[in-house]
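Taking it in order: structure first as structure tokens, then the write-up.
Residue numbers (this note's numbering): 1 to 263.
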């Protein structure tokens, strides 16, 4: 029996309908697979809660190993402490910069050394190096610590390491913010320093301030003036690991300190 034009049209419609159903089934299976894979990848690539601290070791040609202590905050900033392990006097360096996370890869911007710039976020939250090896020959791994190694602002001895973009003269300049009295005390490196402080969240003011009147010479006098001016201009602070930055109203770093544990 010769098919009529109507029969042909109906056959074509049924064929097109079956083709659409098959395509929908394939697409649905593909989408489900991609979604599961994407969820797994998202879980593996997440840094989870920030701030976070990591620690591990890299191999070293002229020392026992290089220990890395990495701190990340939730504002995209990092602090990387590099300690060469071994006998005698070994280098200790600090690097501060910006970090980025892209598709599970953590990159540390300059000035981090090249061997410590690229890390893959592992499913357990550790960081696995893209470029470096550990002392045992395996890809270097920075283990995520259970809690971030952040120091509190108050009741700590903060040693001055930079003011006005310059390193301090000598090593005695410091500040301590005493919680109970609401007082700041310390040294400019020449004279003793006292005053009061007010803190609300990340906002901080240190005024009025007073110093003793012992005569200071040359660089020590310039440092005292720069430090007092920086303290009086402080409007906020930023803590990352064992470093404290004092900031002006525009977020500019006025002075930088490192914590020293006296006991």
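Built from N, CA and C at the ideal position, the CB exists for glycine as well.
query: Roughly how many angstroms separate the alpha carbons of residue 155 and residue 211, rounded to a whole number?
result: 20 Å
query: CB-CB under 7 Å to residue 186, same chain, minus the five flanking residues each way: which ones, in chain order?
result: 174, 175, 176 and 193
- prompt: So, residue 52 versus residue 59, is the Cβ gap smaller than 8 Å?
  reply: no
field: Assigned exposure category for residue 179 - 16 Cβ within 10 Å defines buried
entry: Residue 179 is exposed by the Cβ-count criterion.
Start-end ranges of the alpha helix (DSSP H) lying completely within the stretch 182 to 251, minimum 4 residues: Qualifying alpha helix (DSSP H) stretches, in chain order: 218 to 233.
query: What residues match up with residue 116 in a beta bridge as DSSP calls it?
result: The partner list for residue 116 (beta bridge, DSSP) is empty, contrary to what the question assumes.
query: Buried or exposed: residue 39, going by 16 or more other Cβ atoms within 10 Å of its Cβ?
result: Residue placement at residue 39 cannot be trusted, given a pLDDT of 32 that sits under 50; the coordinates are not used to answer.
- request: Please look up how many angstroms separate the CB atoms of residue 235 and residue 247, rounded, as I've assumed it's under 8 Å.
  value: For a cut-off of 8 Å, the C-beta gap from residue 235 to residue 247 is around 7 Å, short enough to register as a contact.
message: Is it buried or exposed, residue 69, if we count other Cβ atoms within 10 angstroms and call 16 or more buried?
response: buried
query: So, helix, strand or coil for residue 111, using DSSP?
result: coil
6 Å CB neighbourhood of residue 202 in its chain, flanking five on each side removed: The residues are 236.
- prompt: Using the rule of at least 16 other Cβ atoms within 10 Å of the residue's Cβ for burial, across every protein chain shown, is residue 57 buried or exposed?
  reply: buried
message: From the DSSP secondary-structure annotation, give me the bridge partner or partners of residue 53.
response: 71
message: Need the endpoints of the beta strand (DSSP E) that residue 77 sits in, please.
response: 77 to 85
field: Same chain, Cβ closer than 7 Å to residue 239, five either side skipped, listed in chain order
entry: Once the five neighbours on either side are set aside, the close Cβ partners of residue 239 are 150, 151 and 153.
- prompt: Going by beta carbon distance, what residues of the same chain come within less than 6 Å of residue 95, once the five residues before and after it are set aside?
  reply: For residue 95, where only same-chain residues beyond five positions count, the Cβ hits under 6 Å are 80, 111 and 112.
Cβ pair residue 118, residue 134 closer than 8 Å: no
query: Going along the chain, which residues of its own chain have a beta-carbon closer than 8 Å to the beta-carbon of residue 258, five neighbours each way excluded?
result: 158, 159, 161, 242, 243 and 244
- prompt: Using the beta-carbon count (16 or more within 10 Å), is residue 141 buried or exposed?
  reply: buried
query: Pick from 230, 172 and 97: whose alpha carbon is nearest that of residue 220?
result: 172
message: With a threshold of 6 Å on Cβ separation, who are the neighbours of residue 83 within its own chain once the five nearest residues in sequence on each side are excluded?
response: 67 and 92
- request: Pull up the distance between the alpha-carbon of residue 196 and that of residue 188, whole angstroms please.
  value: 16 Å
message: Buried or exposed for residue 215, going by 16 or more other Cβ atoms inside 10 Å?
response: exposed
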